[in-house]
DNA sequence: CGGAAGGTTTGATCTGGATCAAAAATGCAG
DNA sequence: CTGCATTTTTGATCCAGATCAAACCTTCCG
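Protein chains in written order, with the numbering used here: chain C, 4 to 232; chain L, 4 to 232.
In structure tokens, the structure reads:
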């Protein structure tokens, strides 16, 4: 059965469900892959389904009518994707990398929420986590310099991609899930400024970059010293 | 009894409770006033109580160690103040104006949440609302010009202070609940830039200002045209 | 009423990051 | 491997908003 080996079964919202409930939900669930760049949900579109992110990274964006864009959130496995209790989305969700998702029809999720306070609790906790993250980024967007923004971003990715890093390890290596353009949209900068700041970090030997995507941080504390605190 | 004439009894979280539950909670509730500038909750402080905002405005701030500050949220009546399920606050809450609050000890709120899924649902909805707001502000912080930020801010205040305005009415007048310094901390600008942009809006007759605090908007659509869309 | 203390506006100058422009990597299809 | 498209880096210049510096208002309290 679908859920047996699923990551969301553990850390994700499905962990809230008992075997019977899980069986019910699994019946209407549909697992699928989407290539990088695929739009998963459009602004002003009716919300017809929710999904768990099983692998890859999803970016949530808002766009002004003249084309200026801002990424307002990134979702990693096993995050739950979608905004309950709202008929229409007011943002775009797009696959930032190739992703694999487990989608549920809107109706079954909402029925399940009504039936399981435990599930609602999980969703509430994720909303609180996303709110905490959004507020941290407001500080980054409003008050940090370009160099501090880039350092903050790299540290955030390092922590999300390889949870091992965070605490004790001194070094980290990971692939950037975003292009330079995406990083710019996330940090409220231009592509050129992102590139220049990465170049500077490289020149100062705080990081090394291979093939434009793979980042090596030999000493996380040196990167932390640059994020602004 | 306390709750009979309370505003939070209607729009706020207390509306989720039945009369018995309300009576229980009221027993440990304490209503009080705090003057503008009072710190209501400190960063890295243990969370000992929650509160409903009954009147006035509370600002939520984050501060970098070198003093740079960012306001990450504003709370108006009848918002619920506090972050459930977390031992320690990671932000400051301060009265931006004189406020009146109805405070509950941490333990009674958490007991009540466990007892009332309806209350938890309300809190979840408020978290989702705050998340939506935070994401809108991320666009403002990351991608709008100083002039657009100020217009967005004035419109947000107009809508929160006098809910009547929002829809059909063409004009609005209200007192700014924040000083120029607070507005700057909210928008990621300096005091001087805030002042200059307000002066420009005044020069262009989009707004009028009396006594530094009272704002008159004769035609909301002209202000909307300046907020960036 | 005078006068000290904040808060606000205005002016002059500077600068970090944007914009404009082009070269260099990288990836891919044939 | 070659050639083309896309992404990234680097360089030159510009400008919105920051910074530095004064004046100007409001309160409000003795």
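For every residue, glycine included, the Cβ atom is placed at its ideal position computed from N, Cα and C.
Exercise. With residue 123/L as the anchor, note down where its alpha helix (DSSP H) starts and where it stops.
Key: Run containing residue 123/L: 120-146, per the alpha helix (DSSP H) assignment.
Quiz item: How many Å lie between residue 177/L and residue 159/L at the Cα?
Solution: 12 Å
Quiz prompt | Through-space distance from residue 29/L to residue 230/C, alpha-carbon basis | solution = 45 Å
Self-check item: Proximity test, Cβ basis, 8 Å: residue 1/L and chain C
Solution: No statement about residue 1/L is possible, as the shown extent of chain L runs from 4 to 232 and does not include it.
Quiz item: Below 8 Å, can you find three or more Cβ-Cβ pairs linking the segment 21-40 of chain L to the segment 79-92 of chain L?
Solution: no
Quiz item: If you measure from the beta carbon of residue 130/C to each beta carbon in chain L, is any gap under 8 Å?
Solution: Chain L, which has a Cβ nearer than 8 Å to the Cβ of residue 130/C, makes this yes.
Quiz prompt | Residues that DSSP places opposite residue 178/L in a beta bridge | solution = 217/L
Quiz prompt | Under 9 Å (Cβ pairs) to chain C, residues found in the segment 67-96 of chain L | solution = 67, 68, 69, 71, 72, 73, 74, 75, 76, 86, 87, 88, 89, 93 and 94
Self-check item: Proximity to residue 70/C [Cα-Cα], best of 102/L, 128/L and 142/L
Solution: 142/L
Exercise. Over the uninterrupted beta strand (DSSP E) stretch that includes residue 76/C, give me the two end residues.
Key: 72-79
Quiz item: the ligand SAM heavy atoms versus the CB of residue 102/C: any closer than 7 Å?
Solution: The model on display carries no ligand, and the ligand SAM is accordingly not part of it.
Practice problem: Taking only the alpha-carbon atoms, compute the straight-line gap between residue 112/L and residue 125/L and give it to the nearest angstrom. | Solution: Rounded to the nearest angstrom, the gap between the Cα atoms of residue 112/L and residue 125/L is 13 Å.
Quiz prompt | Inter-residue CB distance, residue 127/C and residue 130/L (contact presumed, cutoff 8 Å) | solution = That belief holds up - the Cβ atoms of residue 127/C and residue 130/L are roughly 6 Å apart, short of 8 Å.
Exercise. Could you work out which residues of chain C lie near residue 65/L, taking near to mean beta carbons separated by less than 8 Å?
Key: Residues of chain C with a Cβ closer than 8 Å to the Cβ of residue 65/L are, in chain order, 138, 139, 141 and 142.
Quiz item: Ordered along the chain, which non-local residues of its own chain (more than five positions away) have a Cβ less than 7 Å from that of residue 59/C?
Solution: Spatial neighbours of residue 59/C in its own chain (CB-CB distance under 7 Å, excluding positions within 5 residues in sequence) are listed in chain order as 98, 100, 101, 102 and 103.
Quiz item: Helix, strand or coil: which one does DSSP assign to residue 22/L?
Solution: helix
Quiz prompt | Rounded Cβ spacing between residue 156/L and residue 194/L (contact assumed at less than 8 Å) | solution = That pair is no contact at about 14 Å.
Quiz item: Are the C-beta atoms of residue 134/L and some chain C residue less than 8 Å apart?
Solution: Chain C, which has a Cβ nearer than 8 Å to the Cβ of residue 134/L, makes this yes.
Quiz item: residue 42/C CB to nearest chain L CB: under 8 Å?
Solution: no
Quiz item: Under the rule that 16 or more other beta-carbon atoms within 10 Å means buried, what is residue 161/C, buried or exposed?
Solution: buried
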